[in-house]
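Numbers given in the numbering used here equal positions in the sequence shown, counted from 1, plus 19.
All C-beta atoms, glycine included, are put in the ideal place defined by N, C-alpha and C.
Fair warning: this is a prediction, and the values are worked out from it, not measured in the lab.
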Amino acid sequence: MEKIASFTIDHLKLVPGLYVSRKDHIGQETITTFDIRMTNPNEEPVMNTAEVHTIEHLGATYLRNHPQYKNRTVYFGPMGCRTGFYLLLAGDLESRDIVPLMQDMFAFIRDFEGEVPGATAKDCGNYLDMNLPMAKYLAARYLTQVLEDITDERLLYPEA
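So this is what it looks like as structure tokens:
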């Protein structure tokens with residue numbers, strides 16, 4: 020079998036960043052998949068499910084309410100390896116195009132106070148698995164260490 024695209028990235032060279040993972044064409048529409056890599060793969064601990072789940076709820080809520088991107092958001096959710104998230108947006112986009120969106124989204128998560136949207140038994144299949152303080156910490160860390168003054172090293176996948 021052919022390796023899927025995400026398994027062809029050298030995870031030993033990959034650093035936290037914001038990458039275009041792939042572009043798919045459905046009819047005349049391009050769907051851009053972004054790799055929002057929050058931890059250094061195979062170098063530091065992965066994120067726990069509670070904070071990943073919280074970031075997923077807050078990030079999805081932010082994106083689905085964003086005036087410019089709510090109708091372009093196809094999906095936002097965690098990677099199985101728990102080192103980051105995938106964001107699928109309608110449009111032929113590059114990483115730099117969404118840096119302001121990601122800065123605003125992670126600031127929203129960092130600053131969020133109150134009940135996590137959708138964190139009730141009626142709304143979520145695992146509503147007790149949430150950790151807002153750690154989600155806020157990880158969002159702040161990603162914002163300051165990656166998104167502020169982002170360089171090409173964190174916008175383009177490393178060469179194989």
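Checklist entry - Applying the criterion that 16 or more other CB atoms from any shown protein chain within 10 Å of the CB defines a buried residue, is Ile117 buried or exposed? => result Counting Cβ neighbours within 10 Å, Ile117 comes out buried, since at least 16 surround it.
Checklist entry - Expressed to the nearest angstrom, what Euclidean distance is found between the alpha-carbon atoms of Asn84 and Asn90? => result Rounded to whole angstroms, Asn84 to Asn90 spans 9 Å at the Cα level.
Checklist entry - Skipping 5 residues on each side, what residues in its chain have a beta carbon closer than 6 Å to that of Gly103? => result Cβ neighbours of Gly103 beyond the five flanking positions: Ile55, Arg56, Met57.
Item to check | Cut-off 7 Å between Cβ atoms - residues of its own chain near Tyr81, not counting five sequence neighbours on either side | outcome: Result list for Tyr81: Met124, Phe127, in chain order.
Checklist entry - For Glu75, which of helix, strand or coil comes out of DSSP? => result Shown here, Glu75 sits in a helix according to DSSP, grouped into three states.
Next on the checklist: On a Cα-Cα basis, can you pick out the residue from Gly144, Cys100, Gly78 that is closest to Thr60?
Outcome noted: Per the sequence shown, the amino acid found at residue 60 is Pro instead of Thr. Comparing Cα-Cα distances from Pro60 to each of Gly144, Cys100, Gly78, the minimum goes to Cys100.
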